[in-house]
Each structure stands twice: as C-alpha cells, then as structure tokens.
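Participant:
There are 2 protein chains.
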Amino acid sequence: MKQHFSSRAAGARRSAIRELLKLTEQPDIISFGGGLPAPESFPHEELAVIAADLLRNDYRNVLQYGTTEGSRTLRRAMVEWLRPQGIDVTLDELLVTSASQQGLDLLCKAFFDPGDVVFCDLPTYLGAVQAFSLFQADKIGVPLEEDGMDIGVLEEKIREARAAGKKLKGVYVIPDFQNPSGITMSLAKRKALLAVAQREDLLIFEDDPYGHLRFAGEPIPSIFSMDREGRTILLLTFSKVMAAGLRLAVMAARGDLMDALVRVKQPTDLCTSKFTQMLAARYMNEYGLDRHLEDIRPIYREKKEAMIRALEKHMPDEEGLRWTNPDGGLFIWVWLPEGVDAEEMLGRAIEHHVAYVPGSSSYVDGDGKNTMRLSFSLCTPAEIDEGIRRLAKVVAETIAARKVGAAA
Amino acid sequence: MKQHFSSRAAGARRSAIRELLKLTEQPDIISFGGGLPAPESFPHEELAVIAADLLRNDYRNVLQYGTTEGSRTLRRAMVEWLRPQGIDVTLDELLVTSASQQGLDLLCKAFFDPGDVVFCDLPTYLGAVQAFSLFQADKIGVPLEEDGMDIGVLEEKIREARAAGKKLKGVYVIPDFQNPSGITMSLAKRKALLAVAQREDLLIFEDDPYGHLRFAGEPIPSIFSMDREGRTILLLTFSKVMAAGLRLAVMAARGDLMDALVRVKQPTDLCTSKFTQMLAARYMNEYGLDRHLEDIRPIYREKKEAMIRALEKHMPDEEGLRWTNPDGGLFIWVWLPEGVDAEEMLGRAIEHHVAYVPGSSSYVDGDGKNTMRLSFSLCTPAEIDEGIRRLAKVVAETIAARKVGAAA
Chain D
630 MKQHFSSRAA GARRSAIREL LKLTEQPDII SFGGGLPAPE SFPHEELAVI AADLLRNDYR
690 NVLQYGTTEG SRTLRRAMVE WLRPQGIDVT LDELLVTSAS QQGLDLLCKA FFDPGDVVFC
750 DLPTYLGAVQ AFSLFQADKI GVPLEEDGMD IGVLEEKIRE ARAAGKKLKG VYVIPDFQNP
810 SGITMSLAKR KALLAVAQRE DLLIFEDDPY GHLRFAGEPI PSIFSMDREG RTILLLTFSK
870 VMAAGLRLAV MAARGDLMDA LVRVKQPTDL CTSKFTQMLA ARYMNEYGLD RHLEDIRPIY
930 REKKEAMIRA LEKHMPDEEG LRWTNPDGGL FIWVWLPEGV DAEEMLGRAI EHHVAYVPGS
990 SSYVDGDGKN TMRLSFSLCT PAEIDEGIRR LAKVVAETIA ARKVGAAA
Chain G
630 MKQHFSSRAA GARRSAIREL LKLTEQPDII SFGGGLPAPE SFPHEELAVI AADLLRNDYR
690 NVLQYGTTEG SRTLRRAMVE WLRPQGIDVT LDELLVTSAS QQGLDLLCKA FFDPGDVVFC
750 DLPTYLGAVQ AFSLFQADKI GVPLEEDGMD IGVLEEKIRE ARAAGKKLKG VYVIPDFQNP
810 SGITMSLAKR KALLAVAQRE DLLIFEDDPY GHLRFAGEPI PSIFSMDREG RTILLLTFSK
870 VMAAGLRLAV MAARGDLMDA LVRVKQPTDL CTSKFTQMLA ARYMNEYGLD RHLEDIRPIY
930 REKKEAMIRA LEKHMPDEEG LRWTNPDGGL FIWVWLPEGV DAEEMLGRAI EHHVAYVPGS
990 SSYVDGDGKN TMRLSFSLCT PAEIDEGIRR LAKVVAETIA ARKVGAAA
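Just so you know, the sequences run in chain order D and G.
Per the working numbering, residue 630 is the first one in the first sequence, and the count goes up by one each step.
Per the working numbering, residue 630 is the first one in the second sequence, and the count goes up by one each step.
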C-alpha cells in the first residue's frame, strides 16, 4: 500500500532513538531520557475534586463540543494570569490548542509551503523538527551559544538563503531553558532577534514550555511582549505547569496571524476538549497557578542540583567533557569529548541500566554526535546520583576505549 | 502579515454559515443546526466517579504523556468490543486519535499530496471537505442515492479523472446514517464499492460516527469488515456513543497504512490525553458500552419520530418538498422545491427563531441550494414540534413569494 503514501508521509520516519528508548521503560533502568514533568508536581487532588464537580454539575457543557477558539473562561483566566507577566493580550488573541505540539502543527499549516525556510537552533526541540519536516519546511540550523542563538550567523544564513532564492518564513526559538540544552537566551539577543525579524520581515515562533519553571535568577521578558509589530507567535502550555496528560496549551498571536491559525484549527480537530479546558480554568480560578508554581519550582531545583552534584562527583576529568547548569526547566546538556558518539554509546548505557537522549537527533544538520540530553525531572535525587554514577562509568570506559583505539 | 500565509491557509475560509449559526445560540431560538449529541445521553455520573478515582489513584499515569499509538487498555477494550460486530483487529491495528476530525487530518497527511483525488458523496460531511481542502486534495463529488453513493457514476468519474491524468487516492463514505443526509448505504453498494476500490487500487475512508446509534432495522456489515486486502481505513468515535467533550476516537487500519498514520500522528500532537483515554476505557470495562447504547438509542428514536411527525403535520403539501426518514443517527435531510434557496431562507428562519444548516455547504460541486439538514438530537420533542411549525411557516412563505415572483 506504500504507493498511496503522500510525499510527506514517505519522508517521515519513526525515530530510531524513540524505539531504543522504549527499552528504557523496564523498571530497573534509570532513565534520563524522556522530557516528562515530575508527576509529584501534578495538582491531582484538586483536579479530582473539580473533575467530579464538572461532570456532575456542568456535564451538558463540558462533555459537549466547544468552539474552535477555545473556552472563554479559560482564555479569560489566561489573560489575567499573563498581564502581570507583561504579556498583554485580548481574548481573541489567544487560541486554545490540544497541547503545544498541535500549536506547532497549526503554525506549519498556516505558514509553511514545501521549501519555505525556518531557522532554528543547533540543537533544537526534536518535536518541532518533526513538525516542520512533516510540512516539508527547509530547516536551517544556527549555532546555539551559551546565551542563545548566534545572531551574527543567523544574519549570514538569511543572506545565503535569500541569495539562493528561498522563501523565508521565520525563526523558531525556545528562549527559556531550551529543550534540549537548558540554555536561556539573553535579553540582548531577544532584542537583536526581534530587530532582525523586523528588518527581514520574518515571523518569530517563540515556544515557552519551561519559562515558568524558573527556580533561580530573574525572569527575562518574552519576545512576544517586546514585539510591537505582532510578528511573534507565543506558545504556552499546561503540560509542565499543571499536567501533561491534559493535552492543553494556549498560543498567542495578533490579527491576521491568529485568524489564519483559527481557520486551520477548525479542520484539524474542530475543538479542544472543553472538559480539560474547564478543569484547567477552574483550577486557575480556584487555586491559582502562581501559587502552584511556587510549590513545584523547588521540586525541579532540588533535582537539578542533585544532578549537577552527581555530575561533578562522578564524571571523569576529561578535556571537552562539560555540561550546562540551567536556572529552570527539565534539562541538562552534556558535551562529550570530540569524537565520542553518544548514539553509539546509548546501547552500552542501557546495558548498564541507565538511559539518555543522544543529542544528534536535535541537530537539523546531522551534527552533535558527541552530545546528550539528561532530563532530571522524573527521578528522585538518590536515583539521579546512582544513574549518573552508572553513566559516568560508561563515559569513562568509552573515552578509554577510544584512546586505546586511537593508539592502536 | 498575509504575505506569510501558506497557500493552503490563503485558501481556507471561515464558514459563513458557521458565523450565521453563532446567532442561533440565543436561548429563544430553536436550533436544528449543530450536529451535537444529546447531552442526556452522556454517562456523566459514572464518568464523575471514574475521573475522581483516576486522578486520586492513577495520576502518575493519566496526567503524564502517553504513547502516540494510544493506551493499550483502551485499545484492548475496543478490540473486545469490536469483535462481536465482525470487526477483527489486533491492538496494533488501532490508533487512538484526538477525536475523529483528527483522524481525517491524519489520513490527509498520510495519503494526500496537493491535487490527489478523493471521491465523496454529494452531499457529504462538511468537516471532511474542510480537511481535504486544507491539504489541497481534489474533491470529486458523486451523487448520493437513497441507498448510498451512485456506484455507476463513481466508475464514470474514475475513468474521467484517470483520463485527465489525475492521481486517485480513495473514496470517502459515511455508510451509516450519513452526515448530512441520514442515508444508509446498502450492503450491495458496500460490496460494489469495495470491488471498485480493489479493481482501481483505491483506498476507502469509512467514517462511522453514527452506526451504533441505530434505533431501527438491522445493522449492515462495515466495509472494513468485508475488506480482505486491508485498503479500508475505519474511523470510529466516542463523540456520539459516550461524550463529544472527551475528544476521543479510534481508527482502524492494517499494515503499512497504520504505520503511515502513526508516523504522522507523532508530530501532530505527540499523544492523545491518557486521562480521557482511561476514562473511556474504564467506563467500557466497568459499565459496558453496549449496555449504554441500549439506554441511549431510545432517546434518539423518540426525537427522530417527533421530528418526522412534526414535518408531516406542519410542512405544506408542495411538489418537490420531501425528507429522509433514517433508522439511526442525528439527521434528517430535506429537499425543498427546485429553485428555493435554503441559504437565503436561513436569515428569515432565524428571524422566526428557528435554525438549520443549509445543504449547499455539504456539496463539493456548489449544488444543493434547495436542501437543508435538520438535526433532531438536541431538542426535546415539544421543541421539535414548535421549531418545525415555525420552519414550515417560513418554507410556505418562501415558496409562496417565489410563485408571486415567478408570476410577476
């Protein structure tokens, strides 16, 4: 039946890494692989009370179809929550989506014809790469520095792409505690990116799943909040700040951009679940999302600190072996010495009952073989220490074997 | 910002009818417009008990990310439920989707390049038309007869399309109690369609949201169950048999076709909510879906009968004015006398506090101006009688005005 595949489906592949990571679901493996929020952060008891009440007393509403734009109650709660954060939006500038991955799908639908260019970090979020790939966008990578995308290289790549006659659409960034690197974009670079986008008439796709999980340092204004021209689309999600299983997110956009997004959402899924929307809205209105965030940030801080301590304690002292130390989010990024292949090493790591995500899958240019992503969100501090101990052993052995190989 | 729109988004329009129908949300309007399930059919009390239990005792699972393929518990429950219906599938031949509209989105993604041909009924489901349009498929309409698609015309259209050098992909049908017409495809036509698809190497997209809402007559085997070659994709949904607000559905496909669907679902939304999946699975396992269906079918039968009675009682006796009398589903289809424009008439109907969906939006060839869809699911029998009384008055006046116009 393969003769019936669309050209986009013929190109889409199941991720080999994803298949390998399925092995890591065995209980004796300590996995730093999945980018899953800490389950102890889910406000489950409060949601249980609200869910039962909604289903008993508002079932005619919450179990029925809703509007494509999303529940007005939820959007109103979001407008109020976002205002003190410097994000001024009206109800009509918010679109509820069935989680942020759908947001990416919608912006691909609304803005990308095959061959249209999107610029993204090297490395960047794998799910975004997959969404852009499905819509046959031309993904051009720009190196990520310790303070965000290299804006000079971005300008260079823009010139090259224009010279090649390509149609440029936008820049995809995750400014806060980026997936996979944990790196945060500085204020100066956010402003510089916005200036470039204005000059070059590009859109900015600002994906912010982790910004509210900041456990140290001061928040940096979102690009969306500084954009006076309405060329930025902001993606926010409930997955990490409330619960991933709700599959609920909100995207913010102005004017024509929002209009296009609503029009393509309609045939995509008609509407997002009103039940999960009202769960989130009632939780926000009755318990407060900021209060909840204050409760859960220490969970992530403690785990991140445990992982940094474990890395410092267990990892061998090797030239080129280093890692990020983020102020929020779920991820630590590790650079292994040049020439070490983290994809190859994963098999051995799994034999030693520890897992991670090889970084290469997050590079649209096939680079990053010597990098890996460690998620600290799912394990206890004790598991983190033991897992990093196992991983450090594999790293040390891999480096030693390479030296022997090089000498031979 | 319109210069940034993709060609598909530039083509997508907000439905004028949908905007008009927003007016019908006023409480003094009796609306036969929306295709919404009867809220009294939602098993809300049982769902309330299960939801609270899941969120208290299984929150680490149900509030977390799930697999793209969907919950094994839910798929296992579906496998068991489908077997006595003659639908034999394995777990891996079922894909959970975020409602059936997403199923349509996924099959467009997996199988349609711009210009690829899909054959569909005249009239057919508007949401499917919108999904196919978004992916720039070439929709070729085939007249719907009282027993389903005109297979002779289908064969003719296939020859014409092949002669024109088009790439043919498949046939989209809703065999049971079709949306919008309420018409059911006969067993003979299902077999004939399957034979044509086999001979011409076409896929069949079999959409079955209403088949289980049969309140009279005997079930007819699904095309999927008779297809020995695995070229049929079956879309089932929980929207009408449990609750639309769960946004939950399951699609069945074999081999390569399923593989392509899973690969395109991953970047579409990562996964469907495990919480809503487990709600449905637990409901099926603890209460039984067949028992529930036995409870809710009389609700729809009673309403349909009320609408048929009201139509017979109130509608004027005019040449060409007739309607369907379905054995299930949510819809009755009305043909007005030739020359009466149901789209034009809608404004006057709303003035008289009654609403419907003009049929023309369901015709991919721009035809059907003298048709309308009446949904009997949402109103009480008394409201149905009153609403049809108002509508009949508008119809009679419109026909009379036309005669005067014609005479002048």
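Cβ atoms here follow ideal geometry from the backbone N, Cα and C, with glycine treated the same way.
A quick note: this is a predicted structure, and the numbers were derived from the prediction, not measured.
Note the first and the last residue of the continuous alpha helix (DSSP H) segment covering P1010/G.
Facilitator: In the second sequence, counting from the first residue as 1, residue 1010/G sits at position 381. Counting along the chain, the alpha helix (DSSP H) containing P1010/G begins and ends at 1010-1036.
Participant: Just checking, does the segment 845-852 of chain G make contact with the segment 990-1008 of chain G on the three C-beta pairs under 8 Å criterion?
Facilitator: Short answer: they don't touch.
Participant: If contact means a Cβ-Cβ distance below 8 Å, which residues of the segment 891-915 of chain D contact chain G?
Facilitator: Within the segment 891-915 of chain D, the qualifying residues are V891, R892, V893, Q895, P896, T897, D898, L899, C900, T901, S902, K903, F904, T905.
Participant: Which of the three DSSP states is assigned to T953/D in this structure?
Facilitator: Locating residue 953/D in the first sequence gives position 324, where the first residue counts as 1. In this structure, T953/D counts as coil in the three-state DSSP scheme.
Participant: Smallest Cα separation from L886/G: which of F740/G, I679/G, P656/G, L733/G?
Facilitator: Along the second sequence, read from residue 1 onward, the residue named residue 886/G stands at position 257. Of the listed residues, the one whose Cα sits closest to L886/G is F740/G.
Participant: Since S636/D is in the alpha helix (DSSP H), which residue starts that stretch and which ends it?
Facilitator: By one-based count along the first sequence, residue 636/D stands at place 7. Note, S636/D: alpha helix (DSSP H), 636-640.
Participant: Report buried or exposed for D776/G, applying the criterion of at least 16 other Cβ atoms within 10 angstroms of its Cβ.
Facilitator: Numbered from its first residue, the second sequence carries residue 776/G at position 147. D776/G comes out exposed.
Participant: Output the boundary residues of the beta strand (DSSP E) element that contains C749/D.
Facilitator: Locating residue 749/D in the first sequence gives position 120, where the first residue counts as 1. Its beta strand (DSSP E) spans residues 746-751.
Participant: Which chain G residues sit within Cβ distance under 8 Å of F665/D?
Facilitator: Sequence index remark: in the first sequence, residue 665/D carries index 36 (1-based). First, the amino acid is wrong: residue 665/D is Leu here, not Phe. Per Cβ cutoff of 8 Å: Q693, Y694.
Participant: Fully enclosed by the segment 929-1007 of chain G, which alpha helix (DSSP H) runs are 4 residues long or longer?
Facilitator: The qualifying runs are 971-980.
Participant: Under three-state DSSP, which class holds M880/G?
Facilitator: The residue given as residue 880/G occupies position 251 in the second sequence. DSSP places M880/G in strand when its eight states are reduced to three.
Participant: For chain G, is any of its Cβ atoms less than 8 Å away from the one on D685/D?
Facilitator: For the purposes of this step, residue 685/D is taken as residue 56 along the first sequence, with counting starting at 1. Just to set this straight, residue 685/D is Arg in the shown sequence, not Asp. For R685/D, the answer is yes, since a Cβ of chain G falls inside 8 Å of its Cβ.
Participant: Is the beta carbon of N808/G closer than 8 Å to that of G664/G?
Facilitator: Start at 1 with the first residue of the second sequence, and residue 664/G comes out as number 35. Start at 1 with the first residue of the second sequence, and residue 808/G comes out as number 179. Going by C-beta atoms, G664/G is nearer than 8 Å to N808/G.
Participant: Do M907/D and D687/D have their CB atoms nearer than 8 Å?
Facilitator: Locating residue 907/D in the first sequence gives position 278, where the first residue counts as 1. Locating residue 687/D in the first sequence gives position 58, where the first residue counts as 1. The answer is yes: Cβ separation under 8 Å.
Participant: Can you pull the chain D neighbours of K798/G, defined as C-beta to C-beta under 8 Å?
Facilitator: Residue 798/G sits at position 169 when you count from the first residue of the second sequence. Those within 8 Å of K798/G in chain D are H633.
Participant: Can we say the segment 728-746 of chain G touches the segment 883-897 of chain G, given the rule of at least three CB pairs closer than 8 Å?
Facilitator: Result yes; three or more Cβ-Cβ pairs closer than 8 Å.
Participant: Which residues in chain D sit within 8 Å of S1006/G, going by Cβ to Cβ distance?
Facilitator: If you number the second sequence from 1, residue 1006/G lands on position 377. Those do not exist, as S1006/G stays about 11 Å from chain D at its closest Cβ, beyond 8 Å.
Participant: Here's the rule I'm using: 16 or more other beta-carbon atoms within 10 Å means buried, otherwise exposed. How should V1033/D be labelled?
Facilitator: In the first sequence, the residue the question calls residue 1033/D occupies position 404. Exposed: under 16 other Cβ atoms inside 10 Å.
Participant: Identify every run of the alpha helix (DSSP H) within the segment 755-804 of chain G, keeping only runs that are complete inside it and at least 4 residues long; order them along the chain.
Facilitator: Listed in chain order, they are 755-763, 780-792.
Participant: To the nearest angstrom, how far is it from the Cα of A918/D to the Cα of I925/D?
Facilitator: In the first sequence, residue 918/D corresponds to position 289, counting from 1. In the first sequence, residue 925/D corresponds to position 296, counting from 1. Reading off the sequence shown, one finds Leu at residue 918/D, where the question assumed Ala. If you take the alpha carbons of L918/D and I925/D, they lie about 11 Å apart.
Participant: Going by the beta-carbon positions, is the gap between A935/D and D836/D smaller than 8 Å?
Facilitator: The residue you call residue 935/D lines up with position 306 of the first sequence. The residue you call residue 836/D lines up with position 207 of the first sequence. No.
Participant: Can you find the residues in the same chain that come closer than 6 Å, C-beta to C-beta, to P1001/G, ignoring five residues on each side of it along the sequence?
Facilitator: As a working mapping, residue 1001/G is identified with position 372 in the second sequence. Checking the sequence shown, residue 1001/G turns out to be Met, not Pro. Excluding positions up to five away in sequence, the list reads V963, A971, Y985, P987, G988.
Participant: Whose Cβ in chain D lies nearer than 7 Å to the Cβ of A881/G?
Facilitator: Mapped onto the second sequence, residue 881/G falls at position 252. The premise fails here: A881/G is roughly 14 Å from chain D at the closest Cβ pair, so nothing lies under 7 Å.
Participant: Would you please verify whether the beta carbon of P656/G is less than 8 Å from any beta carbon of chain D?
Facilitator: Residue mapping note: residue 656/G aligns to position 27 of the second sequence, counting from 1. No, because no Cβ of chain D sits closer than 8 Å to the Cβ of P656/G.
Participant: Let me see if you follow: with CB-CB separation under 8 Å, is A681/G close to chain D or not?
Facilitator: The residue you call residue 681/G lines up with position 52 of the second sequence. Chain D, which has a Cβ nearer than 8 Å to the Cβ of A681/G, makes this yes.
Participant: Rounded to whole angstroms, what's the CA-CA distance from E774/G to A978/G? Just pull it up for me.
Facilitator: Here residue 774/G corresponds to residue number 145 of the second sequence, with the count starting at 1. Here residue 978/G corresponds to residue number 349 of the second sequence, with the count starting at 1. Going from the Cα of E774/G to the Cα of A978/G covers about 28 Å.
Participant: Would you mind stating whether P927/G and L950/G have Cβ atoms separated by less than 8 Å?
Facilitator: Within the second sequence, numbered from 1, the residue matching residue 927/G stands at position 298. Within the second sequence, numbered from 1, the residue matching residue 950/G stands at position 321. No, the pair does not count as a contact, with Cβ atoms beyond the cut-off.
Participant: Work out the CA separation of A881/D and D750/D for me, nearest whole Å.
Facilitator: For the purposes of this step, residue 750/D is taken as residue 121 along the first sequence, with counting starting at 1. For the purposes of this step, residue 881/D is taken as residue 252 along the first sequence, with counting starting at 1. Going from the Cα of D750/D to the Cα of A881/D covers about 22 Å.
Participant: Shortest alpha-carbon distance to F834/G belongs to which of S990/G, L711/G, S851/G?
Facilitator: Looking up residue 834/G in the second sequence gives position 205. Of S990/G, L711/G, S851/G, the residue nearest in Cα terms is S851/G.
Participant: At a Cβ cut of 7 Å, what residues of the segment 974-989 of chain D count as close to chain G, listed as they run along the chain?
Facilitator: Under the 7 Å Cβ criterion, the segment 974-989 of chain D contributes no residue.
Participant: Would you please state the rounded distance, in angstroms, between the beta carbons of Q693/G and A878/D? I believe it to be under 8 Å.
Facilitator: Reading the second sequence from its first residue, position 64 is the one you call residue 693/G. Reading the first sequence from its first residue, position 249 is the one you call residue 878/D. Contact flag wrong, Cβ pair sits at about 16 Å.
Participant: One question on the structure: do V1023/G and M944/G come within less than 8 Å of each other, judged by their Cβ atoms?
Facilitator: Looking up residue 1023/G in the second sequence gives position 394. Looking up residue 944/G in the second sequence gives position 315. No, the Cβ-Cβ distance between V1023/G and M944/G is not below 8 Å.
Participant: So, helix, strand or coil for T702/D, using DSSP?
Facilitator: Translated into positions along the first sequence, residue 702/D becomes position 73. Reduced to three states, the DSSP call for T702/D is helix.
Participant: Between which two residues does the alpha helix (DSSP H) carrying E829/D extend?
Facilitator: Counting from 1 along the first sequence, the entry for residue 829/D is found at position 200. Note, E829/D: alpha helix (DSSP H), 816-829.
Participant: Taking a Cβ distance cut-off of 7 Å, strictly less, list which residues of the segment 721-744 of chain D are near chain G, in chain order.
Facilitator: Here the close residues are S727, A728, Q730, Q731, D734, K738, A739, F740, F741, D742.
Participant: Please list, in chain order, the chain D residues whose beta carbon lies closer than 9 Å to that of E1012/G.
Facilitator: As a first step, residue 1012/G must be located in the second sequence, where it is residue number 383. By Cβ distance, chain D contributes nothing, its closest Cβ being about 15 Å from E1012/G, past 9 Å.
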